[in-house]
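J.: Dumping the structure here so I can ask a few things about it.
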DNA sequence: TGGAGGCCCTCCCCTCGGGGGAGGGTCAAA
DNA sequence: TTTGACCCTCCCCCGAGGGGAGGGCCTCCA
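Protein chains in written order, with our numbering: chain A, 26 to 297; chain B, 26 to 297.
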């Protein structure tokens, strides 16, 4: 009777390729039960099939090998389940991104010219209650924004609020980097409290476009506004302002959302 | 007035990184409108923002750059939509695989021992109507199987049929390669017709396990059967037989499916 | 009219999870 | 004993970027 299953037999039972099994051995992810010291032949035990199948399926879910390792290392089934559940959550987020990409593409690939109603406006100086963070990544921004907005809403009941809330976002965020982010609400009597601070926002000239609907394809509106700005010989002068004229706090129907995007701009002087 | 947008400005508007834009230039996917011949600075036009956004979103959907190229090259919006739709179909298949992986993992990670009821049996010699393909890949097998089964069903009406249909699958399929595949149905009066041939299947000793439910996690049953075979000092002697005792043609409720997996085996003689 | 500091350039190497293939040793059935 | 399938190591390749070094360029402000 043999030492165990050869790598080829084991590959068939675990649906992994022979090469991949060798790689997993090399990286310590799945050690053969025995390795012949003279021939270096790998032999596996049938009890290892389950482990190999777990690896195979986790990899199908794009779990990185390092994480597979920690899932396998977790003795406690609960802890293991938590790790897997964490990855499933990431899969759901990935699905959201996929959905947004499809929505956005549908708009981008719509035949015919894409109209954009943009205009120049001036945001007057005003005093608002705000929460800021110095360095957030774009993908963390949604969570951060919700938390901060909840804090503002808790501190200023509806009677205190005047006008729609908004956010100010550093332009570096658009390039994938970290950047400053502010969420604000105009209120009757702004006051500092906890993370909330009183912000004097100066008057600023803006190029404005209104995005209607959920934010899945807001990048398209940004692009159209950016094109409008560039083609009107304007330069970008600061972080973008979003004003949530109608947002998730006003209606549960995302189709009705209205987001005003305002980009501080200045007129470029023509070159001589 | 400048030549256009610098790479950094363009990156922000298209949500691509500067590095990525340079890569797309290098690979001819998205050429800057002008390149300064002395400094090699890239300048983009605002009209290119839409194209860059399309690329960005397609990449989010994991469309390979080569395919992005052909989508962009398609002038006709319909043709373009077809290419995109093709990829969306692939995304759906990916989603099916993800679903199967989750089902399978749930079973694999279920705490406690995993019972398997396997037994040795003999499939008697018999004559069946069959369709074979010499070299199919596992991921093509589902489509191929459905087509072939439909042909068999069309040629042999219910009154002709005796017993459950099945398939014979080369073991190479399990390792990701191509292999022979046969779908068969026992019928009263087998006859060749079109792709259908009459197959004399010899008697064979099988290790058998029954998989209950949809095939999402059938790999686990295969693994358990394989472990059982290995631990009983048996060797695999030929292509695996699946018999669809209850299948999609019998009930729309996948939970009720019963698939008998039979692996031809022989007794290994103990080493001296 | 300088600088300073932020952009931008190229070039090279790294990542991750494999696949292809060369060149050569081993195992087991005929 | 031969033969053919199987296994070994080693090296290179892929795609789609990211990191960083080293150095030039642009533009704003003093």
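Built from N, CA and C at the ideal position, the CB exists for glycine as well.
Please tell me whether residue 143(B) and residue 270(B) are closer than 8 Å, where the distance is taken between their beta carbons.
T.: No, these two residues do not count as a Cβ contact at 8 Å.
J.: Report the rounded CA-to-CA distance for residue 32(A) versus residue 250(B), giving the unit in angstroms.
T.: Going from the Cα of residue 32(A) to the Cα of residue 250(B) covers about 17 Å.
J.: Any heavy atom of the ligand PLP closer than 7 Å to the beta-carbon of residue 86(A)?
T.: As far as ligands go, the structure on display features none, and thus does not contain the ligand PLP.
J.: Is the shortest distance between the beta-carbon of residue 26(A) and the beta-carbons of chain B less than 8 Å?
T.: With a pLDDT of 41 at residue 26(A), under the threshold of 50, the modelled position of this residue cannot be trusted; read the value that follows with caution. So, interface residue.
J.: So, helix, strand or coil for residue 101(B), using DSSP?
T.: Reduced to three states, the DSSP call for residue 101(B) is coil.
J.: Measuring only the C-alpha atoms, how far is residue 177(B) from residue 257(B)?
T.: Straight-line Cα distance between these residues: approximately 37 Å.
J.: For residue 228(A), which residues of its own chain have a beta-carbon under 7 Å away from its beta-carbon, when the five flanking residues on both sides are left out?
T.: Counting only Cβ-Cβ distances below 7 Å, and skipping sequence neighbours, we find 147, 148, 149, 150.
J.: Identify whether residue 157(A) lies in helix, strand or coil by the three-state DSSP scheme.
T.: Of the three classes helix, strand and coil, the one that applies to residue 157(A) here is strand, per DSSP.
J.: What's the C-alpha gap between residue 267(B) and residue 102(A)?
T.: Cα to Cα, residue 267(B) sits roughly 33 Å from residue 102(A).
J.: So, at 8 Å on beta carbons, what are the nonlocal neighbours of residue 202(B) in its own chain, with the 5 sequence-adjacent residues on each side left out?
T.: Taken in chain order, the residues that qualify are 162.
J.: Does the stretch 121-136 of chain A come close enough to the stretch 241-249 of chain A to have 3 or more Cβ pairs within less than 8 Å?
T.: Yes: at least three Cβ pairs fall under 8 Å.
J.: Check this for me: beta carbons of residue 252(B) and residue 179(A), under 8 Å apart or not?
T.: No. Outside cutoff.
J.: If you measure beta-carbon to beta-carbon, which residues of the stretch 91-109 of chain B are closer than 8 Å to chain A?
T.: Within the stretch 91-109 of chain B, the qualifying residues are 102, 105, 106, 109.
J.: For a contact meaning CB atoms closer than 8 Å, what does residue 65(A) contact in chain B?
T.: Within 8 Å Cβ-Cβ: nothing; residue 65(A) doesn't reach chain B, min ~20 Å.
J.: Tell whether a beta-carbon distance below 8 Å holds between residue 58(A) and residue 68(A).
T.: Against a cut-off of 8 Å, the Cβ pair of residue 68(A) and residue 58(A) comes out as a contact.
J.: Just checking, does the stretch 220-227 of chain B make contact with the stretch 153-162 of chain B on the three C-beta pairs under 8 Å criterion?
T.: The stretch 220-227 of chain B vs the stretch 153-162 of chain B: in contact.
J.: Going by C-alpha to C-alpha distance, which of 181(A), 291(A), 140(A) sits closest to residue 219(A)?
T.: Among 181(A), 291(A), 140(A), the Cα nearest to that of residue 219(A) is on 181(A).
J.: According to DSSP, simplified to helix, strand and coil, what is residue 296(A)?
T.: Interpretation of residue 296(A) is limited by its pLDDT of 35, a score under 50 that renders its predicted location unreliable; no figure is taken from the coordinates.
J.: Can the beta-carbon of residue 238(A) be found closer than 8 Å to that of residue 282(A)?
T.: It is a contact, given that the beta carbons lie within the stated cut-off.
J.: Going by C-alpha distance, which of 83(B), 120(B), 124(B) is nearest residue 105(B)?
T.: Ranking 83(B), 120(B), 124(B) by Cα distance to residue 105(B) puts 83(B) first.
J.: For residue 289(A), which beta-bridge partners are listed by DSSP?
T.: According to DSSP, which records beta bridges pairwise, residue 289(A) is partnered with 231(A).
J.: In chain order, which continuous runs of the beta strand (DSSP E) of length 3 or greater are located wholly inside the stretch 108-155 of chain A?
T.: Listed in chain order, the complete beta strand (DSSP E) runs (minimum 3 residues) inside the stretch 108-155 of chain A are 143-148.
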